[in-house]
Structures are given as structure tokens and as C-alpha cells.
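Order-wise, the sequence lines are chains A and B. Residue numbers for the first sequence follow the working numbering, so the first one is 147 and each next one is one higher. Residue numbers for the second sequence follow the working numbering, so the first one is 69 and each next one is one higher. So the structure is just underneath, and the comments pick up after that.
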Amino acid sequence: MAQRTTFASWLGILLSAAVLGVASCSSGGGGGETPTPSGPTAYALTVPAGFPTPVIPADNPLTNEGVALGRRLFYEKSLSSTGTMSCGSCHQQSKAFTDGRALAVGVDGVANPRGTMSLVNVLWSTQLTWDGAFTTLETQALKPIENPIELHQPLTVGVARLQASSTYPALFQAAFGTQTITNELVLKALAQFERTLISGSSRYDTYMATRTGFSADELAGLQLYTTHIAPGSIRGAECFHCHSQPLMSSNYEGKFFNNGLDLTFTDPGRGGLTKLAVDQGKFIAPTLRNIALTAPYMHDGRFKTLEEVLDHYSDHVQMASPNLDNNLILGINDPPFGTHMDLTATEKRQVIAFLQTLTDTNFVTDKRFSDPF
Amino acid sequence: MKNRPASLFLAMLLTASAALLSGCKHDADSQPPTGSVAFELKNMVGQQALALDGTAYTTADGETFTVSTFEYYVSNIKLTKSDGTTYAAPNEYHLINTAKPGSSNFTVSNVPAGDYTGVSFVVGVDSTATKGDPLALPGDLNPANNMYWAWNTGHIFLKLEGTVTSTSPNKAFTCHIGGYRQPLSAIVTATPSLNGATLPVRAGQSPKLAVAADVLKIFDGPTKFTVSGLPTTMMPSAASVQVATNYAAGMFSVTQVQPNSK
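Written out as C-alpha cells, the structure is:
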């Protein structure tokens, strides 16, 4: 018995010493706190192979409860002044979170100056909206909610409605540990949901992983997409400079371009924000993932089909437009007499065939992203 | 005899906990101390800080031009002591992007303590890294940074884009340098002089190296180019190698060595 006691106490001392030893090795601490048993649980985000490591704000980690709440709020019509629209009214899953309109239309039937943007892979966007007016989802989400020609309701009013509901206080308790709903928490939950809208299982992704499964036209289209023109020797379509792989956008790089739509700008785009002459007429190059689902095209929806888009880049770029992107200035497939990119009808068809491989049917039918109401 | 298993167990625990405890002291005592070196790159055009806001710059030849994009990789950093021994920092790949001010500062950690009198780095990416599976490339090497050519040519090591404004009409220029296969390898090493200064690396001391990168030296080196005559290089080529040789020779200069930036 005596022996046993000694052994047990030795064991205790040794174990605590070992624990201490381990604890003192860990830098920066964080130990000592016991996790709240009822706290939110971490959301398991699946990042497709080859995508950059996403940056999630330290003060808004993804949790299952936060994402679920965000999804509900995304489709919550009481965040609009009329109670008739939600984020999901313009950002429709079946259209890769766009609305099929040239210009977005809000609760009062007034059109916005620009079209609804897809939310596909918005997690990686370092610049949000057509002109980079926002750099975080948490700050961006407030604008469409309060903008008079969008949902047209101060968020504080929406928050009061949520607070008075029978369901939301408990959902905020589960997600953020408080029943007191605030603007900040609504925006955080919405951002959490938006960050889960990941599209990375298109036929293009399968092709990149296996190098199989593409038709000859699709493969030729991919080559045109990713080829810079060497005038006179190598034909290309230059797409990848701005719509960079694997996200097929410039949102990750945070760059803006003038793609030669106009000679003078009714919408100055990025230049309207920075007031710099060199930014006039520049816009983000939005993602081409699911592009076949997001017509019409361009910031003002001027092109109804992908055929019209290819015709623009091939034949109708305004070569004298100020700040026109260098790759469009220099990308002349048929020198010395060619004046534009001049893709052939076959090349246009091949690029479009490739663009259609970017449609991700799993993404647009994923139940996790659908309207829960 | 009855106690033997217990004492054996005890001994094992003692060993285990001793190992755990000594794990802490290991770094401080038996391994050589390490420190870090902070790098601060400043993109310049001659004596002016480079801006992407449409500011026009003038070359020695009297051409004027604006810059819209200036990006390049710094990798394979080596630090050399006065006795000639060298520390090669592993896995350092930094994309310096003028449009992202934060990208111009980075810190190389775990540098063995000592007085370093020389520095060198690759302007670009080594062939091993650039041949890697593009789908698995992390961070600054990821193709999403748009510093990567598709189809087996690897990374773009340096990208300069802008407009020559002294010609009529203005002339866009695009200079993308890359290529890792001989004879058209554009992997070059810059060895800017510390001008006699030493980098005193100690545990808990982080000397800082301020390095200027002068865009004009891309045109002006062993091979002279005018901006308007700069070949539009979009793939490995002899001209790419000439441009890379230019920027390896003269683009980088150490402007300040700070013994401790902390």
C-alpha cells in the first residue's frame, strides 16, 4: 500500500512535470481556457486542388453555426424595406449567383448602373465589386442592404426585425454566443456564408487534374485562352492575362482593366474611385467560372451571349480607348494588316467550347447554398 | 521483485519527461543561435519612387514612359560571411508586386548567428520549383498570381508593363521575362554589394537590408535597350536572357543596412 501511494504520487509529479514541459514549449499560450461546450464548431472548408490558400479574417472564423445563420440571412427578405427581396433575389444559385439581368433591379424597381456580380469563389477576392469599392465581404454586404436602389433598408431596422423574431436570437446565440443581434454580427454571418460558395468541380478542373476528358475543340479553346499572341507566329486569345487561372478572374490579384468597350466612359469604373486618369474605364475582370450561366455580360450587361463577347474581343475592341489593356493593344493575330485580335470563326467557337467547361453543376445544385425557407 | 514492473515504468516515465523537458532547452543551448534578416525592397525609377498612377519617367535617352505593372520574384536568398561560408535560406519565394505595398517587405528567419558581409538572390524562381505541379504551388508561386505561363514554360520571373509616351501615337510595352531551359534560361542571380557593411545576425536581433530596385537598369546594362525598342517578350527568348542579364547586373542596390530593425 505504501509502495503504491509512493508510486502514484511519483506518477502524478512526473506527469505534471511532463505536462509543464510541454506547456512551456508552446509559444504564445492560449492554454488554460476550457472550451465552452456549447460554442460554435469550426466549419470544414474544402479548398479545391491548386487554389490559393484562402485568407479568413481572424475575427470572423468560419463556423457551422455562423455559416448556417449566414445562409438564412442571405435569403432573409426582412432585410429589405418591402419584405420582398433578399440577397438571394439577385444572387440566384441556379445562375451562379447572378440574376440574368443586364442591370440589377432593387425593391423599388429602379435599375442599378451595373449588373449583379457572381459570388463564385468570392472567398479569394481581394477586391470586391466591379470597381473594388470594398476589400472585405464584411464591409461590402452593408451596401446592397442599405442602398436605396437595392434592398433599401437601414441594417439597424433589419436587425430590429430579426431581434423581434422567434428564431433569430437563438441562432445568433449558437453562432456568436449572444442573443443580442447587431449590424456587425449580421454582416459577419453573411460573409461566412459567402466564403463557403466555392466552385472548383467543373469539367475544366477534372481536365487539369487528369489531363483527360476534353474534346479537341475544348482543348484548342483552353490553348487559345492561355496563349499570348506572338504576332505573326503564335495565335492566341489572351484571356488568361486578366481572367487568371485557377480562379479565372482578376479578383485575387486585385487588378482592374479597360477591355476596350468604349472610347469615352459613361461609367469610369475604378477611375471613379481613385480619380486617377490611368484608372478611367477600368473594371475588375470577373470570374469566368460558370460564365455560361451568368449572361448577360460586362459591367452593364451589354452583351447577351458569349458569341457577342468573343466578337467584341476579336473584332470590336476600341483600340484608341484610353488606358486600353496592353495585351489587347499588342495582341494582333494577323499582322501586318490586322488591326484587332482577329480570331477566326473556328477559334471563337473553340474558346466558347472551353468556357462552357467552366460550368460547375455540383456548385449550382449544392443544397448547402440553396434557399432554406 | 514485485516492484520491478513499477520501477521500470517509473524509469520510462522519467526518461520520457526528461526528454520532453530537455526539448525546450535544446534550441537555446545545444543548437547554434539563429536570428533573422528583414528585407525591404523599394521599386524606383532612377532616384524617384516608382508609382503606378500614370507618372511619366524619363530615360537617359530622353524617352518618357509610364508603368502600369512591375512585379518580380526574389528567391534562393544566400547570405555570406567574411570567411566565405554561405547560408542558403530554404523555401524563400517572394513575389514583389508594386501594386501591393506589403509585398515589398519580408523576413528571412532561422539564419545562423554571425556577421554577414554578402547577399545574393535569384531574380525569378529556380527550375526545380518552377517545374513543380502548378496545382500544388503554394502562396506567391501559385498561378493565381498571374506570374505563370501555361504549357510547360514555368513562371514569369519579372513583369514590366507600361506605355511609352514620347512616341506618337503612344506605344504600349509589355516585358515578361521567364524561361528555365538552357540555352534560354533567364534565371539570374543578383549580388548587390553591402558596400562594406555587415549584417549582424544574433538571436533576438533582426538586421534590416533596404534594397532599391531601379526599373531603368532593365533597359540599361550590358545590352542597351530603348523602352520603345524593348522587345515584346512573352516567352523564353534570347532577348529575355539579355534583359535578365541587365537586371541581374544593375537593378538592385543596397541603400541601407540597419543593425537591428526590432
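We put the CB at the ideal spot given by N, CA and C, even for glycine. Note that this is a predicted model, so its numbers are computed, not measured.
Assignment of beta-bridge partners to B:Arg270 by DSSP yields B:Gln273. Here the stretch 285-297 of chain B makes no contact with the stretch 352-368 of chain A; the two share fewer than three CB pairs at distances below 8 angstroms. B:Leu267 places its beta carbon less than 8 angstroms from that of B:Val105. The beta-carbon of A:Gln496 is placed no less than 8 angstroms from the nearest beta-carbon of chain B. The stretch 208-218 of chain B makes no contact with the stretch 228-239 of chain B, as fewer than three CB pairs between them are under 8 angstroms. Fewer than three beta-carbon pairs drawn from the stretch 443-463 of chain A and the stretch 280-292 of chain A are found closer than 8 angstroms, and the two stretches are therefore not classed as touching. Exclusion of the five residues before and after B:Lys227 leaves Thr137, Phe138, Glu139, Tyr140, Met215, Cys243, His244, Ile245 as the residues of its chain whose Cβ lies within less than 8 angstroms of its Cβ. Residue burial is scored here from C-beta neighbours: A:Asn508 has fewer than 16 other C-beta atoms within 10 angstroms and is therefore classed as exposed.
Secondary structure note for A:Met354: its alpha helix (DSSP H) is the uninterrupted segment 349-356. At least one C-beta of chain B is nearer than 8 angstroms to the C-beta of A:Asn472. Linking A:Cys233 to A:Gly415 through their CA atoms gives a straight-line distance of about 23 angstroms. When DSSP assignments are scanned along the stretch 223-290 of chain B, the uninterrupted stretches of beta strand (DSSP E) that are 3 or more residues long and fall wholly within it turn out to be 224-232, 239-246, 256-258, 267-269, 276-282.
Neighbourhood of B:Pro211 in chain A, by CB distance below 8 angstroms: Gly196, Ser390, Gln391, Pro392, in chain order. Neighbours of B:Glu229 in chain A, taken as residues whose beta carbon is under 8 angstroms from its own, are Asn472 in chain order. A:Thr230 and A:Val305 have their C-alpha atoms spaced approximately 16 angstroms apart. For A:Pro290, the uninterrupted alpha helix (DSSP H) run begins and ends at 288-292, by DSSP.
With fewer than 16 neighbouring CB atoms inside 10 Å of its own CB, B:Asn328 falls in the exposed class. A distance below 6 angstroms between beta-carbons, with the five flanking residues on each side excluded, links A:Gly477 to the following residues of its chain, in chain order: Ile375, Glu384, Met487. At a beta-carbon threshold of 7 angstroms, the residues of chain A lying near B:Thr300 are Leu476, ordered along the chain. At least one beta carbon of chain B lies nearer than 8 angstroms to the beta carbon of A:Leu422. Interface with chain A (8 angstroms Cβ-Cβ cutoff): B:Gly207 is included.
Shown in chain order are the members of the stretch 233-259 of chain B whose Cβ falls below 7 angstroms from a Cβ of chain A: Ala240, Thr242. At a cut-off of 8 angstroms between beta-carbon atoms, A:Glu364 makes no contact with chain B.
At a cut-off of 8 angstroms between beta carbons, A:Glu454 makes no contact with chain B. Among the residues facing chain A, B:Leu163 is not included, as its CB has no counterpart in that chain under 8 angstroms away.
Between the stretch 296-313 of chain A and the stretch 185-202 of chain A there are fewer than three C-beta pairs closer than 8 angstroms, too few to call the two in contact. Closest by C-alpha distance to B:Asp201, out of B:His223, B:Thr185, B:Val256, is B:His223. With a beta-carbon spacing of about 5 angstroms, B:Ala181 and B:Arg270 fall inside the 8 angstroms limit used to define contacts.
Membership of B:Phe107 in the beta strand (DSSP E) is indicated by the continuous run 102-113.
Straight across, the Cα-Cα distance linking A:Pro468 with A:Asn405 is about 10 angstroms.
Closer than 8 angstroms at the C-beta level to chain B, one finds no residue of the stretch 282-296 of chain A.
Taken in chain order, the whole alpha helix (DSSP H) runs of length 4 or more contained in the stretch 213-247 of chain A are 233-236.
Under the three-state reduction of DSSP, A:Tyr459 is assigned to helix. Between A:Leu452 and the set A:Lys421, A:Thr440, A:Asp446, the nearest pair of CA atoms involves A:Thr440.
Take A:Val213, set aside five residues on each side of it, and the residues of its chain with a beta-carbon closer than 6 angstroms to its own are Tyr189, Gln338, Phe339, Thr342, in chain order. In this structure, the alpha-carbon of A:Gly417 lies about 28 angstroms from that of B:Ala281.
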